[in-house]
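Trainee: Here it is, the structure in full.
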C-alpha cells in the first residue's frame with residue numbers, strides 16, 4: 140500500500156502571483172475613483188486601452204519565445220503594469236502615447252530581461268520615463284480638475300474621443316500644482332494659493348484626495364501583507380524630513396510644505412504601488428529601508444532643484460539601478476553562519 | 252567658494268556623468284563590469300589615475316604648451332602624460348604595496364586607453380578650469396565613473412542569472428541596461 144507522504148507546511152495561504160496581482164489591482168480602486176471624480180473619465184480610458192495593449196504585447200512576446208500563453212497571461216502582472224502606467228499618464232492622453240509607453244514597458248522593460256520576476260527596472264516607471272523624455276509636451280498637459288458633475292467637464296464619450304481622435308476635441312488643461320510651484324519661485328506661498336485655482340487645502344485641488352485614495356489602498360495592501368512597511372515608511376519619512384528642513388513657510392522658492400509634498404503628484408501612488416514592487420526593489424528588510432529613504436530623498440531633490448516637476452519615476456529608476464548593490468551589502472546573516480558568510484565555529 | 256566646488260563635483264558625478272550622460276569611458280564600463288570585485292578594483296585605480304592625470308595635464312598645458320605656443324599638440328601630449336602617470340602609478344604601487352598591486356595591477360594598463368581620462372584633461376582646458384578646479388573636476392569625473400561602474404557590475408551579476416532571451420544575452424542586454432540607466436540619469440538634468 141502506497142502511503143502518501145506530505146511534507147510541511149501543512150497550512151498555507153493561497154497567495155499565488157495571480158492572487159497578489161489581483162489584490163494590487165483591487166487596491167488601486169480608491170485612487171482611481173478619486174482621479175475620476177476630479178479629472179473625469181480620462182484615466183479609465185487610459186487604463187483600459189493600456190491593458191489591451193499590454194495583453195497584446197505580452198501575448199506576442201510569449202508566442203515568439205514559445206512559452207505557454209495561458210499560464211503567463213493568467214498571472215495578471217501585465218495588467219498591473221498597464222494599470223499603474225495608465226494611472227501615471229495624464230488623463231486624455233492620445234492613444235499612440237499610451238501604446239508606445241506600454242509596449243516599451245512590457246517588451247523592453249520586462250520581457251527582454253526574461254519576463255516576470257527578472258526585470259531590474261520597474262516596467263511602468265520605465266515606460267513613463269521614456270514617454271516623458273520623448274514627448275514632454277503631451278506628458279505635461281494635465282486636464283483641469285473640473286470634477287465629473289461640473290458644467291463643461293468631459294464625459295466618457297469625450298474621454299474616448301480625446302484618446303482615439305485627439306484632434307477632434309479640446310480638453311481644458313492646466314499646469315499641475317507641482318509645476319506651478321516650480322515656475323513661480325518669486326511669490327509668497329500665500330499669494331500663489333489665492334491666485335491659482337488649482338491649489339486646494341494642503342496641496343493641489345483634487346490631488347490631495349487622489350493621494351489619500353492611494354494611501355487608503357496602500358494601507359489595505361499593507362494589512363493584507365502584500366508587502367512590508369519598510370520601503371513606503373522610510374520613503375515618506377525622508378520626503379517629509381527634507382521638505383520640513385527646507386520649507387520656510389513663506390516664499391514658494393523654498394519648495395512647499397511637507398504636507399504639500401506628501402499629497403502632491405505621485406507621492407502616495409509611488410510609496411505603495413511602485414516602490415513596493417518585489418522584483419525591482421531591494422530584497423532584505425534593511426535593504427528596503429535604505430531603498431525607500433533614498434527614493435524619498437531623490438524625489439525631493441529632483442522636484443525642487445531639477446528640471447522635471449514630478450520626480451517619482453526618475454527616483455524609482457535610479458534606485459532600481461542601485462538595488463542590486465544594496466542587496467549585495469545587506470544580505471541578512473544566515474542562521475548558524477558568521478557575518479562573513481562562512482560557518483561560525 | 253565651497254559652493255562652487257560642490258557644484259563642480261555634483262555636476263561631474265551626477266548631472267554630466269561621464270559614462271551615462273557624456274558616454275565616455277564605455278569600454279571599461281562594459282568590459283570590467285562582469286564581477287563586482289573586479290569593478291571595485293578598476294574603479295579605485297581609475298579614481299587615482301584620473302585625479303592625478305587631470306592635474307598633471309593641466310600643469311603640462313599651462314607651464315609647457317602655452318608658453319611655447321604649442322597648443323595644437325595638446326591631445327598627443329596629454330596621451331603621453333596619461334601613459335606616464337599610469338606607468339608611474341604602477342611602479343609606485345608595485346614597490347610600495349604588493350597587495351594593492353595584486354588588486355589593481357591588471358587594470359592599471361587598461362586605464363591608459365580609457366577615453367574618460369583624456370576627455371577630462373581636454374575638457375579642463377576647454378572650460379578654462381584653474382588648477383584646483385581641474386583637480387576637483389577630475390576627481391568628480393572619477394567618482395561618477397566608479398559609482399556607475401560598481402552599480403552596473405552589481406546589476407550585471409543579477410542579469411547573469413536572468414532568463415534573458417538568447418539573442419539578447421551577454422553584452423547585448425548589458426548595452427540595453429546601460430541605455431535605460433542613462434535614461435534614468437536624465438532625471439538629474441537641471442540640478443546645477
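Chains as they are written, first to last, in the working numbering: chain R, 140 to 484; chain Z, 252 to 443. For glycine and all other residues, C-beta sits at the position ideal for the given N, C-alpha and C.
Just how far apart, CA to CA, sit residue 260/Z and residue 202/R?
Mentor: On the second chain, position 9 is the one that residue 260/Z refers to. On the first chain, position 63 is the one that residue 202/R refers to. Straight-line Cα distance between these residues: approximately 48 Å.
Trainee: Quick one: grab the DSSP three-state call for residue 435/R.
Mentor: Reading the first chain from its first residue, position 296 is the one you call residue 435/R. Helix, per DSSP.
Trainee: Mapping DSSP to helix, strand and coil, what is residue 107/R?
Mentor: A query on residue 107/R cannot be resolved here, the shown segment of chain R reaching from 140 to 484 and no further.
Trainee: Between the segment 203–218 of chain R and chain Z, which residues of the former have a C-beta closer than 7 Å to a C-beta of the latter?
Mentor: For the segment 203–218 of chain R, which is checked against every Cβ of chain Z, the residues closer than 7 Å are 204.
Trainee: With a threshold of 8 Å on Cβ separation, who are the neighbours of residue 268/R within its own chain once the five nearest residues in sequence on each side are excluded?
Mentor: On the first chain, residue 268/R is found 129 positions in, with the first residue counted as 1. Closer than 8 Å at the Cβ level, and outside the excluded window around residue 268/R, lie 452, 453, 456.
Trainee: Are the C-beta of residue 369/R and some C-beta of chain Z separated by less than 7 Å?
Mentor: Walking along the first chain from the start, residue 369/R turns up at place 230. For residue 369/R, the answer is no, since every Cβ of chain Z falls outside 7 Å of its Cβ.
Trainee: Is there a C-beta anywhere in chain R that falls below 7 Å from the one on residue 419/Z?
Mentor: Locating residue 419/Z in the second chain gives position 168, counting from the first residue. For residue 419/Z, the answer is yes, since a Cβ of chain R falls inside 7 Å of its Cβ.
Trainee: State the Cα-Cα distance for the pair residue 310/R and residue 230/R, rounded to the nearest angstrom.
Mentor: Translated into positions along the first chain, residue 310/R becomes position 171. Translated into positions along the first chain, residue 230/R becomes position 91. So the two alpha carbons sit approximately 10 Å from each other.
Trainee: Taking only beta carbons into account, state which residues of the segment 415–441 of chain Z come closer than 8 Å to chain R, listed in chain order.
Mentor: Correct list: 415, 416, 419, 424, 427, 428, 431, 432, 434, 435, 436, 437, 438, 439, 440, 441.
Trainee: Which residue from 219/R, 197/R, 371/R, 150/R puts its Cα closest to that of residue 425/R?
Mentor: The residue you call residue 425/R lines up with position 286 of the first chain. The residue with the shortest Cα to Cα distance from residue 425/R is 371/R.
Trainee: Return the bridge partner residues of residue 235/R from the DSSP annotation.
Mentor: Here residue 235/R corresponds to residue number 96 of the first chain, with the count starting at 1. Answer by DSSP bridge pairing: none, since residue 235/R is not bridged.
Trainee: If distances are taken between C-alpha atoms only, which option among 371/Z, 375/Z, 379/Z, 344/Z comes closest to residue 360/Z?
Mentor: Position 109 of the second chain, counted from the start, is the residue given in the question as residue 360/Z. Looking at the Cα atoms, 344/Z is the closest of the given residues.
Trainee: Going along the segment 272–305 of chain Z in order, which residues come within less than 9 Å of chain R, judged by CB to CB distance?
Mentor: Correct list: 287.
Trainee: If the criterion is Cβ atoms closer than 7 Å, does the pair residue 354/Z and residue 441/Z meet it?
Mentor: By 1-based counting over the second chain, the position of residue 354/Z is 103. By 1-based counting over the second chain, the position of residue 441/Z is 190. In this structure, residue 441/Z does not lie closer than 7 Å to residue 354/Z by Cβ.
Trainee: Run down chain R in chain order and give the residues with a C-beta less than 8 Å from the C-beta of residue 334/Z.
Mentor: As a position in the second chain, residue 334/Z is number 83, starting the count at 1. Near residue 334/Z there are no residues of chain R at all, since even the closest Cβ is about 32 Å away, more than 8 Å.
Trainee: Taking all protein chains shown into account, decide if residue 387/R is buried (16 or more other Cβ within 10 angstroms of its Cβ) or exposed.
Mentor: Locating residue 387/R in the first chain gives position 248, counting from the first residue. So residue 387/R counts as exposed.
Trainee: Three Cβ pairs or more, each shorter than 8 Å: is that satisfied between the segment 421–433 of chain Z and the segment 298–307 of chain Z?
Mentor: Touching, no, given that fewer than three Cβ pairs across the two stretches are closer than 8 Å.
Trainee: If you follow the alpha helix (DSSP H) that residue 202/R is in, where does it begin and where does it stop?
Mentor: In the first chain, residue 202/R corresponds to position 63, counting from 1. Its alpha helix (DSSP H) spans residues 181–203.
Trainee: Going along chain R, which residues have a C-beta under 8 Å from residue 372/Z?
Mentor: In the second chain, the residue the question calls residue 372/Z occupies position 121. Going along chain R, no residue has its Cβ under 8 Å from residue 372/Z, so there is no contact; the nearest lies around 28 Å.
Trainee: So for residue 348/R, helix, strand or coil by DSSP?
Mentor: Residue mapping note: residue 348/R aligns to position 209 of the first chain, counting from 1. Helix, per DSSP.
Trainee: What is the DSSP secondary structure of residue 359/R, reduced to helix, strand or coil?
Mentor: The residue given as residue 359/R occupies position 220 in the first chain. Note: residue 359/R maps to helix in three-state DSSP.
Trainee: With DSSP as the reference, label residue 276/Z as helix, strand or coil.
Mentor: Residue 276/Z sits at position 25 when you count from the first residue of the second chain. The answer is coil: DSSP assigns residue 276/Z none of H, G, I, E or B.
Trainee: Count the other CB atoms, across all protein chains shown, that sit within 10 Å of the CB of residue 306/R; report buried if there are 16 or more and exposed otherwise.
Mentor: Within the first chain, numbered from 1, the residue matching residue 306/R stands at position 167. Exposed.
Trainee: Just to confirm the assignment: which complete alpha helix (DSSP H) runs, minimum length 4, are found wholly within the segment 255–309 of chain Z?
Mentor: Those alpha helix (DSSP H) runs which fall completely within the segment 255–309 of chain Z and span 4+ residues are 277–282.
Trainee: Helix, strand or coil, according to DSSP, for residue 225/R in the structure here?
Mentor: Locating residue 225/R in the first chain gives position 86, counting from the first residue. Helix, per DSSP.
Trainee: Quick one: residues in its chain with C-beta nearer than 8 Å to the C-beta of residue 483/R, no 5 flanking neighbours on either side, listed in chain order?
Mentor: Here the question's residue 483/R lines up with position 344 in the first chain. Bear in mind that a pLDDT of 44 at residue 483/R, under 50, signals an unreliable position, so the number given afterwards is only what the model happens to contain. Around residue 483/R: 475, 476, 477.
Trainee: Can the beta-carbon of residue 215/R be found less than 7 Å from the beta-carbon of residue 157/R?
Mentor: As a position in the first chain, residue 215/R is number 76, starting the count at 1. As a position in the first chain, residue 157/R is number 18, starting the count at 1. Yes, these two residues count as a Cβ contact at 7 Å.
Trainee: Please name the residue, chosen from 341/Z, 339/Z, 308/Z, that lies closest to residue 327/Z on a Cα-to-Cα basis.
Mentor: Translated into the one-based positions of the second chain, residue 327/Z becomes position 76. Among 341/Z, 339/Z, 308/Z, the Cα nearest to that of residue 327/Z belongs to 308/Z.
Trainee: Excluding the 5 residues preceding and the 5 following residue 463/R in the sequence, name in chain order all residues of the same chain whose CB lies nearer than 8 Å to its CB.
Mentor: Position 324 of the first chain, counting from 1, holds the residue named residue 463/R. Around residue 463/R: 259.
Trainee: What is the residue span of the alpha helix (DSSP H) that residue 304/R lies within?
Mentor: Here the question's residue 304/R lines up with position 165 in the first chain. Premise fails: residue 304/R is in no alpha helix (DSSP H) and is neither H nor E.
Trainee: Against chain Z, does residue 446/R count as a neighbour if the rule is that its beta carbon must be under 7 Å from one of theirs?
Mentor: Numbered from its first residue, the first chain carries residue 446/R at position 307. Closer than 7 Å to some Cβ of chain Z, the Cβ of residue 446/R qualifies, so yes.
Trainee: Taking CB distances under 7 Å as the criterion, tell me whether residue 265/Z reaches chain R.
Mentor: Taking the second chain and counting its residues from 1, the one referred to as residue 265/Z is at position 14. So no, residue 265/Z is outside the interface.
Trainee: What's the C-alpha gap between residue 173/R and residue 414/Z?
Mentor: Reading the first chain from its first residue, position 34 is the one you call residue 173/R. Reading the second chain from its first residue, position 163 is the one you call residue 414/Z. Using only the alpha carbons, I get a separation of about 39 Å.
Trainee: Return the chain-ordered list of same chain residues with a C-beta closer than 6 Å to the C-beta of residue 180/R, the five sequence neighbours on each side being excluded.
Mentor: Taking the first residue of the first chain as position 1, residue 180/R is located at position 41. Result list for residue 180/R: 295, 298, in chain order.
Trainee: Please list, in chain order, the chain Z residues whose beta carbon lies closer than 8 Å to that of residue 463/R.
Mentor: In the first chain, counting from the first residue as 1, residue 463/R sits at position 324. The answer, in chain order, is 402, 405, 406, 408, 409.
Trainee: When the cut-off is 7 Å and only beta carbons count, does residue 226/R lie next to chain Z?
Mentor: Along the first chain, one-based indexing puts residue 226/R at 87. No, because no Cβ of chain Z sits closer than 7 Å to the Cβ of residue 226/R.
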